[in-house]
Amino acid sequence: MSYRSARRRASAHQYPVYREPTGPLLEVIDLETHFRTERGIVRAVDGVSFSLDRGRTLGIVGESGSGKTILSRSIMGLLPRRNVTRHGQVIFQDRDLTALSEAELREVRGAEISMIFQDPMTSLNPVVRIGRQITESLRHHLGVDKEEAKDTAVGLLRSVGIPKPERRFDEYPHQLSGGMRQRVIIAIALACGPKLLLADEPTTALDVTVQAQILDLLATQQRDRYMAMILVTHDLGVVAGRTDEIAVMYAGKIVEKAPTTVLFKDMKMPYTEALVQSIPRVTNSSHTRLRAIPGRPPDLVNPIPGCRFAPRCPYAQERCWVDEPPLMEGVNPGHTYACWFPVGTTEGRAALERNQQQGKPAPPAAALERKGA
Amino acid sequence: MARLAGRKFLLLIPVLLIVSIATFLLLNLLPGDPAINILGLGATPAAVHQLRQQLHLDDPIYLRYTHWLWQTLHGQLGESYLNKEPVSTAVRQHFPVTLELMVISQVIAIIVSVPLGIWSAYRPNSWADRAATGFSFAMLAAPPYMLGVLMVFVFAVHWHVFPATGYVGLTQNPFENIRDLFLPSLTLALGSLAVYVRLLRAEMIATLQEDYITMARAKGMPTGFILLRHALRPSTFSLVTVAGLNVGTLIGGAFIIEYIFAIPGIGLLTVNSIYSRDYLVVQACVLIVAVGFVLVNFFMDLMYPLLDPRTRHARSSA
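Protein chains in written order, with numbering that gives the first Met the number 0: chain A, 0 to 372; chain B, 0 to 317.
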């Protein structure tokens, strides 16, 4: 069969049903994922809500341990059953995924929601040929025969930029470089034409030159397939130009969410500010000290009362230690944040000043600039 | 792949030489004079001297070794002191029986241990896993002679489903043959089985934590498919190693079990020859068992590239 007809047939599978967009594709409502451990209950995801429309991209950003990976696995129901409790709803195309049985979920996974994992070196089965790792989900979900699955897989490998896809089809993962493996993983994730792609730190394990290529590839595929994507990362730089909306997670909660341009222009949450500050800039003179966020991510077993970022926050006031701020609406549409003394407001500036006079931790440079302005 | 096998085979030659030297020395370092043993304590010095000449016992040891090796390589294992029968005939009669016993026992062990190991790993700490664990430890703790006697008591004496002793050749009556060998094979299998279950369970639990298993689940693949087609093969690497090394234990077990069930295998032949000081037979038996052990492990070595493509290149496995 020619390559062209293989592609035609492949694309026929990639868009099984085209539905007119009605309402959000994915709606996560008050999702909680708690782990029972010997130390107590770890509140890895603690009441997260957001929604995502078809074809849009949401970036979820946070430090290690902020719960972002657990969030993406909770959405797919990929966490072990033992010692894990999940509350809330994950509504995907009008169906609550948390209410589905394991067998029903399996029909959604891989077919309608796919996932890309962080480490391409460990995410492919070392003893299974690349071809079969792609075709098995095609054959399982779409019921295509061996030949057709192979044609589709070779087409997919080609479309994710793998040279000589016919030869790669019969190779094993160890014969490919890290970047190539991540391309294979993307091909696997795209195989059945999912409507939603969860990319969990898809470029963290890759070197910088390859990172951009993989992110560009994801963006192209997403546009071509009108697929929604959740891009989970610790790196604000990664999501900056590639997402429609960004949610910042801290200690299992979303602390700020806004359309990407709004977030970078008008961030309200001191944690977001600190994250932005921690990105090294090319324009900085060399040997500029990296701005790390002081302190450590909070203990998820015994969360402190009040705002969980308070111990590390240069703006924190007494109120922050007592009252937990709810998500409040910002000036811009779609902007919510959880902070009593938001960055760039009169209250925020006053709070920062007070702290400085009392010799509390030095604030990020940007805060000083904004204060002076 | 073929080149790799060739290289490994070349490495086998020195190993086999060492094995043959060890076997030869083992029996030559035993106290006592074989000539006196053959002729009896009342033999005249002249007769002893003559027999020593005949058996080349007065030659230097390296000459005797090379002579023996040369003869052995040509299939000339000498004659039994006892009945003047060629040793090679005795070995040829007894060896296949032991081989069959060991093969059947390993087939039983693998058929039972693989599903048990997979299930234990898939549902650790479930009642099935606990039962398998308890059973394994009991089997590991029980010596084969005790299990053998227990088997005979339950299946032969109590239920009369299998014979307690006896052996019919495979070519004479295959059904009878399997019936005769079932109890001894099962007894022999129980020890290996326990080890395999524990090993596969541990490896598989580790494999199931791997990212590629989560990935397979994220693809929506059914659980059975993931366990068998994704998790099983990467979990068998140490099983293969241990199964190869286990052949040693198995040989020891076979000696005992053949004795209990009166199976005319190489074990029974060896034991009887030791009692009757039939040195050449013992020597041949020890040699063939040792060579068999080395060869089995050589083939197990060749299995790795089949199981794990990462070891398929001569470079990475050297």
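A virtual CB, placed ideally from N, CA and C, is assigned to each residue, including glycine.
Taking the DSSP output, what are the residues bridged to residue i?
i                         : result
isoleucine 184 of chain A : In the DSSP output, where bridge partners are listed per residue, isoleucine 184 of chain A has none listed.
alanine 227 of chain A    : A:Leu195
alanine 4 of chain B      : Alanine 4 of chain B pairs with nothing; no bridge assigned.
proline 85 of chain B     : B:Glu78
glutamate 26 of chain A   : A:Ser50 and A:Ile90
glutamate 31 of chain A   : A:Asp45 and A:His86
Measuring CB to CB, does residue i end up less than 8 Å from residue j?
i                            : j                           : result
isoleucine 185 of chain A    : isoleucine 115 of chain A   : yes
glycine 54 of chain A        : alanine 227 of chain A      : yes
proline 296 of chain A       : glycine 64 of chain A       : yes
arginine 167 of chain A      : leucine 156 of chain A      : yes
threonine 97 of chain B      : glycine 264 of chain B      : yes
valine 60 of chain A         : valine 47 of chain A        : no
alanine 4 of chain B         : leucine 301 of chain B      : yes
valine 126 of chain A        : arginine 232 of chain B     : yes
leucine 218 of chain B       : isoleucine 187 of chain A   : Sequence check: residue 218 of chain B is lysine here, not leucine. In this structure, isoleucine 187 of chain A lies closer than 8 Å to lysine 218 of chain B by Cβ.
serine 113 of chain A        : proline 23 of chain A       : no
valine 275 of chain A        : leucine 235 of chain A      : yes
isoleucine 60 of chain B     : asparagine 82 of chain B    : no
isoleucine 253 of chain A    : phenylalanine 49 of chain A : yes
phenylalanine 263 of chain A : alanine 246 of chain A      : no
leucine 56 of chain B        : alanine 42 of chain B       : no
arginine 105 of chain A      : proline 221 of chain B      : yes
threonine 22 of chain B      : alanine 215 of chain B      : no
glutamate 255 of chain A     : tyrosine 336 of chain A     : yes
valine 44 of chain A         : glycine 251 of chain A      : yes
Just the Cα atoms here: how many angstroms apart are residue i and residue j?
i                            : j                         : result
threonine 121 of chain A     : glutamine 357 of chain A  : 49 Å
leucine 286 of chain B       : tyrosine 274 of chain B   : 18 Å
proline 269 of chain A       : proline 341 of chain A    : 7 Å
leucine 11 of chain B        : alanine 188 of chain B    : 28 Å
phenylalanine 292 of chain B : threonine 310 of chain B  : 23 Å
glutamine 355 of chain A     : threonine 260 of chain A  : 30 Å
serine 135 of chain B        : leucine 198 of chain B    : 11 Å
arginine 2 of chain B        : valine 14 of chain B      : 19 Å
aspartate 58 of chain B      : tryptophan 67 of chain B  : 12 Å
phenylalanine 8 of chain B   : valine 281 of chain B     : 27 Å
arginine 42 of chain A       : histidine 140 of chain A  : 34 Å
leucine 279 of chain B       : valine 86 of chain B      : 7 Å
serine 73 of chain A         : valine 89 of chain A      : 9 Å
aspartate 118 of chain A     : alanine 205 of chain B    : 18 Å
glutamine 70 of chain B      : tyrosine 64 of chain B    : 10 Å
threonine 213 of chain B     : glycine 294 of chain A    : 32 Å
leucine 29 of chain B        : serine 79 of chain B      : 18 Å
glutamine 92 of chain A      : valine 107 of chain A     : 11 Å
leucine 175 of chain A       : cysteine 319 of chain A   : 50 Å
glycine 247 of chain B       : proline 123 of chain B    : 30 Å
glutamate 352 of chain A     : asparagine 331 of chain A : 26 Å
glutamine 221 of chain A     : glycine 223 of chain B    : 32 Å
arginine 180 of chain A      : leucine 123 of chain A    : 8 Å
lysine 163 of chain A        : aspartate 52 of chain A   : 36 Å
glycine 305 of chain A       : isoleucine 229 of chain A : 29 Å
alanine 9 of chain A         : proline 201 of chain A    : Note that alanine 9 of chain A has pLDDT 46, beneath the 50 cutoff, so the model's placement of it is unreliable and no number is given.
leucine 24 of chain B        : asparagine 245 of chain B : 25 Å
serine 104 of chain B        : glycine 142 of chain A    : 41 Å
histidine 233 of chain A     : glycine 243 of chain B    : 47 Å
Can you list the residues of chain E that residue i reaches, using a CB-CB cut of under 7 Å?
i                      : result
leucine 123 of chain A : This model lacks chain E altogether; the protein chains it does include are A and B.
(message) When you compare the segment 193-212 of chain B with the segment 109-116 of chain B, are there three or more beta-carbon pairs, one atom per stretch, that lie closer than 8 Å?
(response) With a cut-off of 8 Å, the segment 109-116 of chain B and the segment 193-212 of chain B count as touching, because enough Cβ pairs lie within range.
(message) For the structure I just gave you, are there three or more beta carbon pairs, one from the segment 123-135 of chain B and one from the segment 296-315 of chain B, closer than 8 Å?
(response) With the cut-off at 8 Å, the segment 123-135 of chain B and the segment 296-315 of chain B do not touch.
(message) Quick check on the DSSP output: what are the complete alpha helix (DSSP H) runs of length 4 or more inside the segment 33-119 of chain A, in order along the chain?
(response) Whole alpha helix (DSSP H) segments, 4+ residues: 67-75 and 101-107.
(message) For the pair the segment 343-358 of chain A and the segment 281-299 of chain A, tell me if three or more CB-CB distances fall below 8 Å.
(response) no
(request) Could you tell me whether the segment 75-89 of chain B touches the segment 139-157 of chain B, using the rule of 3 or more Cβ pairs below 8 Å? (result) As far as the Cβ criterion goes, the segment 75-89 of chain B does not touch the segment 139-157 of chain B, which means the pair count is below three.
(message) Between the segment 205-213 of chain B and the segment 242-262 of chain B, can you find at least three pairs of beta-carbon atoms closer than 8 Å?
(response) no
(request) Say whether the segment 28-39 of chain A touches the segment 196-208 of chain A, bearing in mind that this needs 3 or more beta-carbon pairs closer than 8 Å, one atom from each stretch. (result) no
(request) Determine, using beta-carbon pairs with one atom in the segment 310-327 of chain A and one in the segment 68-79 of chain A, whether at least three such pairs fall under 8 Å. (result) no
(message) Please give me, in chain order, every unbroken run of the beta strand (DSSP E) with length at least 3 that falls completely inside the segment 216-272 of chain A.
(response) 227-232, 244-249 and 252-258
(message) Just to confirm the assignment: which complete alpha helix (DSSP H) runs, minimum length 4, are found wholly within the segment 105-162 of chain B?
(response) 126-140 and 143-150
(request) Would you list, in sequence order, the uninterrupted alpha helix (DSSP H) runs of no fewer than 4 residues that lie entirely inside the segment 258-340 of chain A? (result) 259-264, 269-276 and 317-321
(message) Across the segment 283-291 of chain A and the segment 90-102 of chain A, are there enough close Cβ pairs to call them in contact, namely three or more that are closer than 8 Å?
(response) no
(request) Counting only runs of 4+ residues fully inside the segment 155-183 of chain A, write out the alpha helix (DSSP H) ranges in chain order. (result) 164-168
(request) With a floor of 4 residues, list each alpha helix (DSSP H) that falls wholly inside the segment 220-306 of chain B, ordered by position along the chain. (result) List check, alpha helix (DSSP H) in window: 236-260, 265-274 and 278-306.
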